[in-house]
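I have placed the structure first, in the form of structure tokens, so that the comments after it can refer back to it.
In the working numbering, the protein residues as written are 0 to 305.
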């Protein structure tokens with residue numbers, strides 16, 4: 000998938016058709032009460048990002064976001080502001096000329112009915128259309144973690160791209176949330192969620208080793224101003240040194256700039272160029288976030304160093 004191109008006028012028309020405004024709530028944006036078969040990973044064989052006349056050198060970008068419990072505000076921010084701004088930034092041609100974007104709703108495979116949903120890779124307004132068709136289950140088990148690792152498994156096992164197969168290039172995968180990640184995915188969980196038969200459980204370390212063959216993988220931790228923030232960040236930094244950053248909940252309005260910056264760094268654009276593209280107020284809010292990326296000495300030296 001991934002034909003056509005994204006325009007601001009298409010987004011304006013979609014907002015008008017769906018009656019979306021800054022006052023729209025998560026419930027009014029995401030009206031699906033059940034997971035669509037089109038986005039349930041148990042029904043998906045392979046999601047493809049292929050070159051086309053419109054996108055002759057497409058690069059896959061996956062944005063996964065936590066939809067458990069009180070995280071509806073994150074989905075709303077993405078739907079109303081951040082994802083559109085991110086797409087417009089990426090499609091400007093200064094970072095990625097031909098991005099193919101997939102969105103994924105992440106839950107908890109230990110408690111939720113539909114712990115992972117995934118749209119198609121798209122390059123036009125279907126990105127936003129499909130995003131708003133996802134179901135916000137709002138679950139989560141209160142078990143000290145969510146299943147961000149399901150997206151790593153899916154990206155490795157169930158996505159294909161010409162960027163990887165033809166050019167040996169890596170896409171960009173970003174997860175966003177405010178909790179820890181469960182330490183592994185069991186064989187039973189893999190079968191229940193994806194319908195796949197795996198011979199053994201998969202640790203996060205093994206999952207990351209696999210998915211990093213195809214994608215540069217990052218995580219954005221949303222800080223809420225509690226002691227839990229430190230515990231969550233410590234877990235992520237130990238697991239993915241140099242590839243984890245933070246954004247404060249009160250600064251969620253600049254999430255698009257952070258996603259764009261991570262994607263730019265992933266594609267080899269310098270930190271200095273990334274920062275100079277921001278206005279002064281955004282730099283103040285995100286200077287710590289950008290500085291955290293690629294700075295941990297424990298980072299795998301085979302990965303990009305920014």
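C-beta atoms are modelled at their ideal positions from N, C-alpha and C, and glycine is treated no differently.
Note that the structure is a prediction, hence the values are computed from the model and not measured.
Selected residue, minimal CA-CA separation from residue i, among the options
| i | options | result |
| --- | --- | --- |
| residue 204 | 223, 180, 55 | 180 |
| residue 104 | 7, 270, 148 | 148 |
| residue 146 | 285, 87, 67 | 67 |
| residue 8 | 87, 222, 26, 32 | 87 |
| residue 264 | 210, 193, 170 | 170 |
| residue 214 | 173, 196, 226 | 173 |
| residue 222 | 54, 202, 250, 192 | 250 |
| residue 48 | 27, 34, 23, 122 | 122 |
| residue 254 | 284, 31, 116, 43 | 284 |
| residue 200 | 23, 39, 182, 228 | 182 |
Identified DSSP bridge partners for residue i
| i | result |
| --- | --- |
| residue 101 | 61 |
| residue 174 | 63, 218 |
| residue 180 | 145 |
| residue 46 | 158 |
| residue 202 | 183 |
For residue i, the three-state DSSP class (helix, strand or coil)
| i | result |
| --- | --- |
| residue 210 | helix |
| residue 7 | helix |
| residue 117 | strand |
| residue 134 | coil |
| residue 125 | helix |
| residue 19 | coil |
| residue 160 | strand |
| residue 54 | coil |
| residue 36 | coil |
| residue 68 | coil |
| residue 153 | helix |
| residue 167 | coil |
| residue 85 | helix |
| residue 96 | coil |
| residue 109 | coil |
| residue 193 | helix |
| residue 299 | Since pLDDT at residue 299 reaches only 41, below the 50 mark, its modelled position is unreliable, and no value is offered. |
| residue 14 | helix |
| residue 225 | coil |
| residue 31 | coil |
For the stretch 59-68 and the stretch 232-251, state whether three or more C-beta atom pairs, one from each stretch, are separated by less than 8 Å.
The stretch 232-251 and the stretch 59-68 do not touch, with fewer than three beta-carbon pairs separated by less than 8 Å.
Ignoring anything shorter than 4 residues, give me the alpha helix (DSSP H) runs that lie fully in the stretch 239-294, in order along the chain.
DSSP assignment within the stretch 239-294 yields the following whole alpha helix (DSSP H) runs of 4 residues or more, N-terminal first: 254-265, 270-275, 279-291.
Quick check: the stretch 124-135 against the stretch 162-176, are at least 3 beta-carbon pairs closer than 8 Å?
These segments do not touch.
At a cut of 8 Å, does the stretch 66-82 reach the stretch 186-197 through at least three beta carbon pairs?
Between the stretch 66-82 and the stretch 186-197, the count of Cβ pairs shorter than 8 Å is below three; the stretches do not touch.
Validate contact between the stretch 201-220 and the stretch 151-161 using beta carbons, cut 8 Å, 3 pairs
Because the criterion of three Cβ pairs below 8 Å is met, the stretch 201-220 and the stretch 151-161 touch.
When the Cβ atoms of the stretch 9-20 are set against those of the stretch 133-143, are three or more pairs found closer than 8 Å?
At 8 Å Cβ cutoff, the stretches do not touch.
Contact between the stretch 51-59 and the stretch 95-102 is defined here as three or more beta-carbon pairs at a separation below 8 Å; is this criterion met?
Counting C-beta pairs with one atom in each stretch, the stretch 51-59 and the stretch 95-102 have three or more that are closer than 8 Å, which means they touch.
With three or more C-beta pairs closer than 8 Å as the rule, is the stretch 112-122 touching the stretch 78-85?
Segments in contact, no.
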